[in-house]
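A.B. asks:
2 protein chains.
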Amino acid sequence: MAISILVIDDEEDIRELLSYNLIKEGYSVETAENGEQGLEILKRIHPDLVILDVMMPGMDGIEVCEAIRSDPEHRKTLICFLTARNEDYSQIAGLDAGADDYVAKPVRPKVLLSRVNALLRRKGVLHDNKVSDDQIIINREKYVVTKDGEEIHLPRKEFELLALLASRPDHVFDRETILDQVWGADIVVGDRTIDVHIRKLREKIGSEYIKTIKGVGYKFIMP
Amino acid sequence: MAISILVIDDEEDIRELLSYNLIKEGYSVETAENGEQGLEILKRIHPDLVILDVMMPGMDGIEVCEAIRSDPEHRKTLICFLTARNEDYSQIAGLDAGADDYVAKPVRPKVLLSRVNALLRRKGVLHDNKVSDDQIIINREKYVVTKDGEEIHLPRKEFELLALLASRPDHVFDRETILDQVWGADIVVGDRTIDVHIRKLREKIGSEYIKTIKGVGYKFIMP
DNA sequence: AAATTGCTTAACAATCTCTTAACATTCAGT
DNA sequence: ACTGAATGTTAAGAGATTGTTAAGCAATTT
């Protein structure tokens, strides 16, 4: 089952930015625009991680954090604060109230993602890297793919494509989704572009790993 | 037993910031707000590392450092200075009086953590990763890199760049991260600046050590 | 003041990556 | 089997990224 993340922030822009990037990374994301709403969703979906803006109208992040922690069921739910850069560090440091990490605003997607990944990994929610099976190992940190102990260099698009497919073995990704995730939401490329990359991937890692579902899309399989 | 660190700084904000981050990283931390208090705690807990502000009312960091070093029991205790960014490098370099490293203020947690980790690792307190292999040795104290027994002088930027890449062999550092860490968060330089430094590094240490991952970044490898 | 060192820039070259287009092949449904 | 739509294959060239070089500037040293 997918790892789920709840984003609570009053600014819509932030919610969308984070949501977009987290989903792209493969997480399941829900958002709330205030503390009350956030707590409701929390009870419903029991997320693995809550990303929480400190400064919000109504309940502020600290109150929400305390509310979360006061529920025994969520004592262990990970919480990551978003803080204004110029806020007093002493305040933040005092937030040992229950936050597991904090990220300063303005949030840069890359930074947030690496923190989120690190946090989940540390807590054992995430396993090291995306490892699909014993034969194909995708290591994003080193940007290499290992097959039977042999390192294979893949150009960026091929790497991202493989990473996407392998992130959910047996799941069929349709072309539209692949374009969105690997190329970007509003990039327009020709019809054969994906095929060409699939072909190169198959050439490099072996065609047995990627199966075509005609009329639907592609999926990664472990033979 | 946990690795312990003593932070001596007159500013409460700094103490809390560092304390928060070091604890999060798994260290055991004590703080002192002046030199005298610091020396007392030093005698009590015998920390593995002392982080020491240079500019403090009363005893300044240099005096504290000398006091620490004058005690035979702490001749080998690691000391890391916090220095104002605009202080003269030559002065700092001259502080061989006993410091093992220094970090410029304003302190950014990430930078400090990576320095602290590197320092402890280098001194064998931490075993985590290797900073270098047998062929390339990076000596931050002397600001010198040794390759096959030969000392190579590297200018500051090149040194920091190599130190960063080599701090995590095989890890791909993207350009943005490199800029943040080596140049500073909000320094703006042209597109080709990193490349030029990479080129000079390759020229000096051999191009086999630094690999380009096109569209992603660079990584240090041990051939 | 002249020379040196370190850093950055800019222009251009080299290289790697991606996309396209043309054509071939496969597959599902008749 | 046939047929149209979808996918596979290939090579070329367009596009993007990085490499290289030399020159200029600022700071430091002689």
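Respectively, the protein sequence lines represent chains A and B.
Going letter by letter, the first sequence gives residues 1402 to 1624 in our numbering.
Going letter by letter, the second sequence gives residues 1402 to 1624 in our numbering.
Yeah, the Cβ is synthetic: ideal placement off N, Cα and C, and Gly gets one too.
Mind checking whether B/Ile1409 and B/Ala1433 have CB atoms under 7 Å apart?
C.D. replies: Counting from 1 along the second sequence, the entry for residue 1409 of chain B is found at position 8. Counting from 1 along the second sequence, the entry for residue 1433 of chain B is found at position 32. A contact, by the Cβ cut-off of 7 Å.
A.B. asks: Against A/Arg1557, what residues of chain B qualify as contacts under a CB-to-CB distance less than 9 Å, listed in chain order?
C.D. replies: Against the first sequence, residue 1557 of chain A aligns to sequence position 156. The answer, in chain order, is Ile1614, Lys1615, Gly1616 and Val1617.
A.B. asks: Where DSSP assigns a beta bridge to A/His1447, which residues make up the other side?
C.D. replies: Here residue 1447 of chain A refers to the residue found at position 46 when the first sequence is read from its first residue. A/His1447 is not bridged to any residue.
A.B. asks: Does the Cβ of B/Arg1516 have 16 or more other Cβ atoms within 10 Å, making it buried, or fewer, making it exposed?
C.D. replies: In the second sequence, residue 1516 of chain B corresponds to position 115, counting from 1. Under this definition B/Arg1516 is a buried residue.
A.B. asks: Output yes if chain A places a C-beta closer than 7 Å to the C-beta of B/Asp1571; else output no.
C.D. replies: Locating residue 1571 of chain B in the second sequence gives position 170, where the first residue counts as 1. Taking Cβ atoms only, chain A reaches closer than 7 Å to B/Asp1571, which makes this a yes.
A.B. asks: Do B/Ile1446 and B/Tyr1428 have their beta-carbon atoms positioned less than 7 Å apart in this structure?
C.D. replies: Position 27 of the second sequence, counting from 1, holds the residue named residue 1428 of chain B. Position 45 of the second sequence, counting from 1, holds the residue named residue 1446 of chain B. For B/Tyr1428 and B/Ile1446, no; Cβs fall outside 7 Å.
A.B. asks: A/Ile1599 and A/Ala1567 - do their beta-carbons sit closer together than 7 Å?
C.D. replies: Counting from one through the first sequence, the residue named residue 1567 of chain A turns up at place 166. Counting from one through the first sequence, the residue named residue 1599 of chain A turns up at place 198. Contact: no.
A.B. asks: Do A/Val1465 and the ligand GTP come close, with the Cβ less than 6 Å from some heavy atom?
C.D. replies: The ligand GTP is not part of the structure shown, which contains no ligands of any sort.
A.B. asks: Between A/Glu1434 and chain B, is any beta-carbon pair separated by less than 7 Å?
C.D. replies: For the purposes of this step, residue 1434 of chain A is identified with residue 33 of the first sequence, where counting begins at 1. Not an interface residue.
A.B. asks: Closer than 8 Å by C-beta to B/Met1402: which residues in its own chain qualify, once you throw out the five before and the five after it? Chain order, please.
C.D. replies: Along the second sequence, one-based indexing puts residue 1402 of chain B at 1. Because B/Met1402 sits at a pLDDT of 48, beneath the cut-off of 50, its placement in the model cannot be relied upon, and the following sentence gives the value as read from the coordinates. Nothing meets the Cβ criterion.
A.B. asks: List the residues of chain A that B/Lys1620 touches, going by C-beta distances under 8 Å, in chain order.
C.D. replies: As a position in the second sequence, residue 1620 of chain B is number 219, starting the count at 1. Within 8 Å Cβ-Cβ: Lys1543 and Tyr1544.
A.B. asks: Ordered along the chain, which non-local residues of its own chain (more than five positions away) have a Cβ less than 7 Å from that of A/Lys1506?
C.D. replies: As a working note, residue 1506 of chain A is residue 105 in the first sequence. Result list for A/Lys1506: Leu1483, Thr1484, Ala1485 and Arg1486, in chain order.
A.B. asks: Does the Cβ of A/Lys1511 have 16 or more other Cβ atoms within 10 Å, making it buried, or fewer, making it exposed?
C.D. replies: As a first step, residue 1511 of chain A must be located in the first sequence, where it is residue number 110. So A/Lys1511 counts as exposed.
A.B. asks: Out of B/Leu1514, B/Pro1624 and B/Asp1596, state which residue places its alpha-carbon closest to the alpha-carbon of B/Glu1615.
C.D. replies: To locate residue 1615 of chain B, count along the second sequence from 1; it is residue 214. Per the sequence presented here, residue 1615 of chain B reads as Lys, with Glu not at that position. Cα-wise, what sits closest to B/Lys1615 is B/Asp1596.
A.B. asks: According to the Cβ coordinates, are B/Glu1561 and B/Val1583 closer than 7 Å?
C.D. replies: Stepping through the second sequence from its first residue, residue 1561 of chain B is reached at position 160. Stepping through the second sequence from its first residue, residue 1583 of chain B is reached at position 182. Cβ distance < 7 Å, so B/Glu1561 and B/Val1583 count as in contact.
A.B. asks: Could you compute how far the alpha carbon of A/Ala1519 sits from the alpha carbon of A/Thr1478?
C.D. replies: For the purposes of this step, residue 1519 of chain A is identified with residue 118 of the first sequence, where counting begins at 1. For the purposes of this step, residue 1478 of chain A is identified with residue 77 of the first sequence, where counting begins at 1. So the alpha carbons of these two residues sit roughly 15 Å apart.
A.B. asks: Thinking C-beta only, is A/Ile1480 closer than 7 Å to A/Asp1501?
C.D. replies: As a first step, residue 1501 of chain A is located in the first sequence; it is residue number 100 there, counting from the start. As a first step, residue 1480 of chain A is located in the first sequence; it is residue number 79 there, counting from the start. Cβ distance < 7 Å, so A/Asp1501 and A/Ile1480 count as in contact.
A.B. asks: Helix, strand or coil: how does DSSP classify A/Asp1534 here?
C.D. replies: As a first step, residue 1534 of chain A is located in the first sequence; it is residue number 133 there, counting from the start. Confidence at A/Asp1534 is low in this model, with a pLDDT of 47, below 50, so the placement of that residue should be treated as unreliable; the coordinate-derived value is given next. In the structure shown, A/Asp1534 sits in coil (DSSP, three-state: anything other than H, G, I, E or B).
A.B. asks: If I measure Cβ to Cβ from A/Pro1624 and keep anything under 8 Å in the same chain, skipping five residues before and after, which residues do I get?
C.D. replies: In the first sequence, residue 1624 of chain A corresponds to position 223, counting from 1. Hits under 8 Å: Glu1609 and Tyr1610.
A.B. asks: What residue range is occupied by the uninterrupted alpha helix (DSSP H) comprising B/Ala1567?
C.D. replies: Translated into the one-based positions of the second sequence, residue 1567 of chain B becomes position 166. From DSSP, the alpha helix (DSSP H) with B/Ala1567 extends over Arg1557 to Ser1568.
A.B. asks: Where B/Ile1404 and B/Val1573 are concerned, what is the direct C-alpha to C-alpha distance, given to the nearest angstrom?
C.D. replies: As a working note, residue 1404 of chain B is residue 3 in the second sequence. As a working note, residue 1573 of chain B is residue 172 in the second sequence. Rounded to the nearest angstrom, the two C-alpha atoms are 28 Å apart.
A.B. asks: Here's the rule: buried if 16 or more other CB atoms are within 10 angstroms of the residue's CB, otherwise exposed. What is A/Lys1444?
C.D. replies: Taking the first sequence and counting its residues from 1, one reaches residue 1444 of chain A at position 43. Per the 10 Å Cβ criterion, exposed.
A.B. asks: What three-state label does DSSP hand B/Ile1588 in the structure shown?
C.D. replies: Here residue 1588 of chain B corresponds to residue number 187 of the second sequence, with the count starting at 1. Note: B/Ile1588 maps to coil in three-state DSSP.
A.B. asks: Suppose you measure from the CA of B/Ile1579 to the CA of B/Leu1555; what does that come to, to the nearest Å?
C.D. replies: Position 178 of the second sequence holds residue 1579 of chain B. Position 154 of the second sequence holds residue 1555 of chain B. It is roughly 17 Å from the alpha-carbon of B/Ile1579 to the alpha-carbon of B/Leu1555.
A.B. asks: Given this structure, state the Cα-to-Cα distance separating B/Leu1419 from A/Leu1521, to the nearest angstrom.
C.D. replies: For the purposes of this step, residue 1419 of chain B is identified with residue 18 of the second sequence, where counting begins at 1. For the purposes of this step, residue 1521 of chain A is identified with residue 120 of the first sequence, where counting begins at 1. Spanning the two alpha carbons is a distance of roughly 23 Å.
A.B. asks: I'd like the span of the alpha helix (DSSP H) that includes A/His1598, first residue to last.
C.D. replies: Working through the first sequence from its first residue, we reach residue 1598 of chain A at position 197. First-last of the alpha helix (DSSP H) with A/His1598: Thr1594 to Ile1606.
A.B. asks: According to the neighbour-count rule (16 or more other Cβ atoms, all chains shown, within 10 Å of its Cβ), is A/Ile1588 buried or exposed?
C.D. replies: Translated into positions along the first sequence, residue 1588 of chain A becomes position 187. Here A/Ile1588 is exposed: its Cβ has fewer than 16 other Cβ atoms, across all protein chains shown, within 10 Å.
A.B. asks: Looking only at DSSP bridge pairs, what is B/Val1430 linked to?
C.D. replies: As a position in the second sequence, residue 1430 of chain B is number 29, starting the count at 1. Note: B/Val1430 sits in a beta bridge opposite B/Ile1406.
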